[in-house]
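Enquirer: Got a structure for you, written out below as structure tokens; questions coming shortly.
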Amino acid sequence: MTDKQVLPKVTKITAQKRQGRYNVFLDDHYAFPISEDVMIKFRIFKGMEIDDQLQAKILAADDVSKAYTRALAFLSGHLRTEKEIKQKLQENEIPETTIEATLKKLRGLNLVNDLQYAGSYVRTMARTSDKGPIVIRRNLRAKGVLENDIDEGLREYPEEQQVENGVEIAEKLSHRYRRDPVSKMKQKVRQGLMTKGFSGDVITQILAKTHFEMNPELEDEKLQNEFTKVWHRNRRYPFMQRKLRTKRTLYSKGFQSDDINRLLDQQVDSQ
1 MTDKQVLPKV
11 TKITAQKRQG
21 RYNVFLDDHY
31 AFPISEDVMI
41 KFRIFKGMEI
51 DDQLQAKILA
61 ADDVSKAYTR
71 ALAFLSGHLR
81 TEKEIKQKLQ
91 ENEIPETTIE
101 ATLKKLRGLN
111 LVNDLQYAGS
121 YVRTMARTSD
131 KGPIVIRRNL
141 RAKGVLENDI
151 DEGLREYPEE
161 QQVENGVEIA
171 EKLSHRYRRD
181 PVSKMKQKVR
191 QGLMTKGFSG
201 DVITQILAKT
211 HFEMNPELED
221 EKLQNEFTKV
231 WHRNRRYPFM
241 QRKLRTKRTL
251 YSKGFQSDDI
261 NRLLDQQVDS
271 Q
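Under UniProt numbering, the first residue of the sequence shown is numbered 1, with each subsequent residue one higher.
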């Protein structure tokens with residue numbers, strides 16, 4: 001008759017200094033550490049027999065528990081995407097199988113949800129930043145959010161709000177470019193809005209509602225100052241070439257052709 005195999009028994013369970021962590025002893029020898037939730041899940045108690053297979057399951061569950069604790073610390077006070085959590089756990093050299101099990105647990109508890117994240121992120125960006133939907137979409141892609149979830153999240157930033165925010169941004173930009181001719185100012189504001197992620201149609205609506213200060217005296221002063229500099233810079237050219245070059249430069253800067261011609265007509269060939 002074959003003797004029954006004697007399995008290791010839990011002889012002692014002691015608490016670690018870290019709250020919620022315990023040390024398990026088998027046959028009076030330290031065997032492995034364990035978290036409280038895993039201890040409860042596997043109903044580990046003094047006198048319990050634990051074979052190699054069960055110990056492997058316990059240790060795998062404890063790995064998930066530790067990764068879960070790290071993930072909760074990373075989530076503390078902030079929503080995160082699955083990709084962000086995965087990257088954080090990878091930085092701690094946690095195995096991929098443990099990371100996937102951890103993410104599954106987080107999903108089950110609704111502690112990670114990329115669709116909810118997208119909606120929250122869009123609302124926050126629309127309220128606190130100067131970024132339009134195109135940049136917001138790019139940011140969400142970088143965070144690993146899927147296109148369908150991004151599309152749904154961007155519903156939180158309706159076109160009317162984009163225009164309202166855009167007008168405020170456009171007026172700030174126009175103030176920055178106030179030394180430029182109005183036409184050039186509008187061009188730079190349009191480019192600025194495109195860079196910030198607003199679409200062409202929305203930008204057209206924004207510009208139509210933006211007040212661009214048009215002071216004729218100030219416009220004349222801008223032109224006169226710029227004309228003086230450009231005319232002087234072109235002094236080495238023959239008179240007609242000098243006029244042509246000056247006109248081309250000023251026109252590219254956004255000044256009106258008639259206004260440029262008016263100043264050019266006042267010039268006399270001094271050669």
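Just so it is clear, CB atoms sit at the ideal spot from N, CA and C, and this is done for glycine as well. Quantities reported herein were computed from a predicted structural model and do not represent experimental measurements.
Taking the alpha-carbon positions, what's the asparagine 92 to alanine 101 distance?
Expert: Near 16 Å, if we compare the C-alpha coordinates of alanine 101 and asparagine 92.
Enquirer: Can you confirm whether the region 179 to 188 touches the region 136 to 148 when touching is taken to mean that 3 or more C-beta pairs between the two stretches lie within less than 8 Å?
Expert: Verdict: no, contact absent.
Enquirer: Within its chain, find whatever has a CB closer than 7 Å to the CB of lysine 184; leave out the 5 residues flanking it on each side and keep chain order.
Expert: Excluding residues within five positions, the ones whose Cβ falls inside 7 Å are Lys253, Gly254.
Enquirer: What is the DSSP secondary structure of methionine 1, reduced to helix, strand or coil?
Expert: Bear in mind that a pLDDT of 45 at methionine 1, under 50, signals an unreliable position, so the model cannot answer this.
Enquirer: Report yes or no: do the region 219 to 229 and the region 199 to 211 share at least 3 C-beta pairs separated by less than 8 Å?
Expert: No, they do not touch.
Enquirer: Please go through the region 111 to 150 and give each complete alpha helix (DSSP H) segment of 4 or more residues, from N-terminal end onward.
Expert: If we require 4 residues or more, the alpha helix (DSSP H) runs fully inside the region 111 to 150 come out as 114 to 128, 133 to 142.
Enquirer: How many angstroms separate the CA atom of alanine 170 from the CA atom of aspartate 201?
Expert: If I take the Cα positions, the gap works out to 15 Å.
Enquirer: Given a cut-off of 9 Å on the beta-carbon distance, is the pair asparagine 234 and threonine 249 in contact?
Expert: Their beta carbons are under 9 Å apart, which means asparagine 234 touches threonine 249 by this criterion.
Enquirer: Nearest-angstrom Cα distance between lysine 154 and leucine 72?
Expert: Reading off the sequence shown, one finds leucine at residue 154, where the question assumed lysine. Spanning the two alpha carbons is a distance of roughly 27 Å.
Enquirer: Which of the three DSSP states, helix, strand or coil, is assigned to serine 35?
Expert: Three-state DSSP puts serine 35 in a strand.
Enquirer: Taking only three categories from DSSP, how would you classify isoleucine 206?
Expert: Note: isoleucine 206 maps to helix in three-state DSSP.
Enquirer: Between which two residues does the alpha helix (DSSP H) carrying valine 167 extend?
Expert: Run containing valine 167: 159 to 176, per the alpha helix (DSSP H) assignment.
Enquirer: Alpha carbon to alpha carbon, how far is glutamine 87 from leucine 79? Give it in angstroms, no decimals.
Expert: Distance between the alpha carbons of leucine 79 and glutamine 87 is about 15 Å.
Enquirer: Between aspartate 28 and threonine 14, is the Cβ-Cβ spacing less than 9 Å?
Expert: No, the pair does not count as a contact, with Cβ atoms beyond the cut-off.
Enquirer: Any idea if tyrosine 30 is buried or exposed, counting beta-carbon neighbours within 10 angstroms, 16 or more meaning buried?
Expert: Classification for tyrosine 30: exposed.
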